[in-house]
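**Student:** Sharing a structure, written as structure tokens. Questions coming.
Chains as they are written, first to last, in full-length UniProt numbering: chain R, 1 to 500; chain C, 1 to 89.
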């Protein structure tokens, strides 16, 4: 231990970082359901506007990225689960690549590694909050009194108000991290990140279809749900053709095109998630016991798409805030190569990317540059599919669920493949698992990217696909608990759930 | 009288090569994630972070929930105050 590792630098912080206790005894099924529902409800309750921020007047450049991370503009879920997810991906891939020295066989190292991820999540929330506040992101855009670039020229917001926003966002991010930890520690079902993404994706889809809330636009009042808006149009408009046309093409809120594309992507993903290859396995202890071990096509579930979009989200936050903060510096020429944002002229609710490197890997609608707007869909598809597939290739090895890990798990349970010798199990599994995880990542990301850039879904398709995949992962957790641990015997749910 | 070392390869260079190979193998076989090491952690389709109990400032799960609700409540109160007084600070 002569060298100093990054992990050792974390040690002093370990005693001050809040840590949810592991349950003393196994939490019973019903209690887990209660904890999961309560945590998800509290998570959704955090969607309150931050003090001093008018969340209906925020101009939000990240709207197409945020829905899949359970985040909402101008609220305490400004970042959603993004900081936790990003730090988890970042450190777990670094450790998996052995760029970060962690000895996972030692418990103390594992704990340090966990604390490192938690501290990173806290710090990311803090840093993003500072960046957003100082790029005037939280300044409501009111075109009568303020300039497009924010309120710098007219009213200078007080430092106290700014720091209050930073404190509130940092605390709420810490709460989200602890809520994630609560479910991860076994008090509830599923990994916390995926549970909150599912809850939030469900509300996003429901709101964009049947949302009853109204907001005021230049054309009068509009509903947030696409179907509700269609009904409103049919009642108020004189021409039915125009009413239907408008419901399919409106720019503020969700329109019917986006909703239908998202539903199509939903079913495509659902279909793919049911594709699996079944390997016959048998017990080495009990004669004649043979069953199948399914390897799903979407072996990595929602994670490849989530990983790609977390990179995009990170780049967009950093790029956007840098271009805003450095707007008056002399290096702005170089900084705007990262990306260039312009205010959406029609809705005034979002900044559209229309130039720079980030434009090429975004689902932005159009650009003033014709060449760029022609090649943009291809570069976006290419980027999303490549990064996701690469992730699908490496992730099984970083999560101990590649062929070797599965073979070890099967051996521990005294299970072997039918017609294979013990030594050949890992090799045989590898022939199925690695192509499955790679092509699964490719297909799922291609669906999302295609729906996003061709359907102009503004994140609805992304959140729907990620939501259904995350939900299925959690269902797996619930069903395996229900069937394997005898939870059915003493649960209230045994009255209406199949016990066997 | 030359006495060879009992067991293993005969020549020194081969012994060293064997040892190096063994070390390399060990390094290769080292787990690179907590699930690979036999503890809980991320699996193929689940991104888990916090599965071990670190020696931190321990809190009960209910405290987390109550703290979150208290935070939400205090924010609501702040909103009400700012509505009443017109603005904050």
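C-beta atoms are modelled at their ideal positions from N, C-alpha and C, and glycine is treated no differently.
Does the beta carbon of residue 23 of chain C come closer than 8 Å to any beta carbon on chain R?
**Tutor:** By this cut-off, residue 23 of chain C is not an interface position.
**Student:** Quick check on residue 120 of chain R: does DSSP put it in helix, strand or coil?
**Tutor:** If DSSP states are grouped into helix, strand and coil, residue 120 of chain R belongs with the helices.
**Student:** Does any residue of chain C have a CB that is nearer than 8 Å to the CB of residue 420 of chain R?
**Tutor:** Chain C, which has no Cβ nearer than 8 Å to the Cβ of residue 420 of chain R, makes this no.
**Student:** So which of R:137, R:444, R:138 and R:460 has the shortest CA-CA distance to residue 469 of chain R?
**Tutor:** Checked all of R:137, R:444, R:138 and R:460; the closest Cα to residue 469 of chain R is R:444.
**Student:** Listing by chain order, which chain R residues have their CB less than 8 Å from the CB of residue 56 of chain C?
**Tutor:** Under the 8 Å cutoff, chain R gives 14, 15, 16, 17, 18, 19 and 115.
**Student:** Step through the CB atoms of chain C and report whether any lies within less than 8 Å of the CB of residue 492 of chain R.
**Tutor:** No, no contact with chain C.
**Student:** What are the residues that DSSP puts in a beta bridge with residue 57 of chain C?
**Tutor:** Residue 57 of chain C is bridged to R:18.
**Student:** Between which two residues does the alpha helix (DSSP H) containing residue 285 of chain R stretch?
**Tutor:** Residue 285 of chain R -> no alpha helix (DSSP H), and no H or E assigned at all.
**Student:** For residue 300 of chain R, go through chain C and note every residue whose CB falls closer than 8 Å to its CB, in chain order.
**Tutor:** Result: 44 and 45.
**Student:** Can you tell me whether residue 235 of chain R is helix, strand or coil according to DSSP?
**Tutor:** Helix.
**Student:** I'd like the span of the alpha helix (DSSP H) that includes residue 220 of chain R, first residue to last.
**Tutor:** Per DSSP, residue 220 of chain R belongs to no alpha helix (DSSP H); it is in the beta strand (DSSP E), 220–223.
**Student:** Could you spell out where the beta strand (DSSP E) holding residue 351 of chain R opens and where it closes?
**Tutor:** Looking at the DSSP string, the run of the beta strand (DSSP E) that includes residue 351 of chain R is 351–355.
**Student:** Round the Cβ separation of residue 352 of chain R and residue 341 of chain R to the nearest angstrom and send it over; I've been treating them as touching at under 8 Å.
**Tutor:** Between residue 341 of chain R and residue 352 of chain R the Cβ distance is about 7 Å, and since that is below 8 Å, they are a contact.
**Student:** Given residue 457 of chain R, which residues of its chain have a CB within under 7 Å of its CB, disregarding the five upstream and five downstream residues?
**Tutor:** Same-chain partners within the cutoff: 258, 261, 262 and 451.
**Student:** To which residues does DSSP link residue 277 of chain R through a beta bridge?
**Tutor:** BP columns for residue 277 of chain R point to R:295.
**Student:** Quick check: the Cα distance between residue 40 of chain R and residue 461 of chain R, rounded to an integer number of angstroms?
**Tutor:** Going by the C-alpha atoms only, they are around 22 Å apart.
**Student:** Can you tell me whether residue 193 of chain R is helix, strand or coil according to DSSP?
**Tutor:** Here residue 193 of chain R sits in helix by DSSP.
**Student:** Report the neighbours of residue 78 of chain C on chain R: residues whose CB is nearer than 8 Å to its CB, in chain order.
**Tutor:** In chain order: 51.
**Student:** Which partner residues of residue 115 of chain R appear in the DSSP bridge assignment?
**Tutor:** None; residue 115 of chain R has no bridge partner.
**Student:** Do residue 380 of chain R and residue 453 of chain R have their C-beta atoms within less than 8 Å of each other?
**Tutor:** The answer is yes: Cβ separation under 8 Å.
**Student:** Short of 7 Å in beta carbon distance, which residues of its chain neighbour residue 210 of chain R, apart from the five on each side in sequence? Order them along the chain.
**Tutor:** Contacts found: 225, 227 and 228.
**Student:** Going by other Cβ atoms of all chains shown within 10 Å of its Cβ, with 16 needed for buried, is residue 492 of chain R buried or exposed?
**Tutor:** Per the 10 Å Cβ criterion, exposed.
**Student:** Based on Cα-Cα distance, which residue from R:45, R:68, R:72 and R:65 lies nearest to residue 57 of chain R?
**Tutor:** For the residues R:45, R:68, R:72 and R:65, the minimum Cα distance to residue 57 of chain R belongs to R:72.
**Student:** For chain R, is any of its Cβ atoms less than 8 Å away from the one on residue 84 of chain C?
**Tutor:** No, residue 84 of chain C does not count as interfacial toward chain R.
**Student:** Please compile the residues from chain C whose C-beta is within a distance smaller than 7 Å of the C-beta of residue 92 of chain R.
**Tutor:** Chain C residues near residue 92 of chain R: 33 and 42.
**Student:** Does any C-beta atom of chain C lie closer than 8 Å to the C-beta of residue 136 of chain R?
**Tutor:** So no, residue 136 of chain R is outside the interface.
**Student:** For residue 371 of chain R, does the three-state DSSP call read helix, strand or coil?
**Tutor:** Three-state result, residue 371 of chain R: helix.
**Student:** Can you check the segment 372–460 of chain R for any alpha helix (DSSP H) of at least 4 residues that lies completely inside it and give the ranges in chain order?
**Tutor:** The qualifying runs are 403–412 and 425–454.
**Student:** Give the secondary structure of residue 46 of chain R by DSSP, where H, G and I count as helix, E and B as strand, and everything else as coil.
**Tutor:** Residue state, collapsed to three classes: coil.
**Student:** Grab the span of the beta strand (DSSP E) containing residue 343 of chain R for me, first residue to last.
**Tutor:** 340–343 is the extent of the beta strand (DSSP E) around residue 343 of chain R.
**Student:** Start and end of the beta strand (DSSP E) containing residue 159 of chain R?
**Tutor:** No beta strand (DSSP E) holds residue 159 of chain R; the alpha helix (DSSP H) holding it covers 159–182.
**Student:** So, is residue 46 of chain C buried or exposed, given that buried needs 16 or more other C-beta atoms within 10 angstroms?
**Tutor:** Label assigned to residue 46 of chain C: buried.
**Student:** Beta carbon of residue 104 of chain R, beta carbon of residue 32 of chain C: below 8 Å?
**Tutor:** A contact, by the Cβ cut-off of 8 Å.
**Student:** Do residue 132 of chain R and residue 43 of chain R count as a contact pair if the criterion is CB distance below 8 Å?
**Tutor:** Cβ atoms of residue 43 of chain R and residue 132 of chain R: not closer than 8 Å.
**Student:** Which runs of the alpha helix (DSSP H), 4 residues or longer, sit entirely within the segment 78–102 of chain R?
**Tutor:** Runs found: 82–96.
**Student:** Ordered along the chain, which non-local residues of its own chain (more than five positions away) have a Cβ less than 8 Å from that of residue 161 of chain R?
**Tutor:** 52, listed in sequence order.
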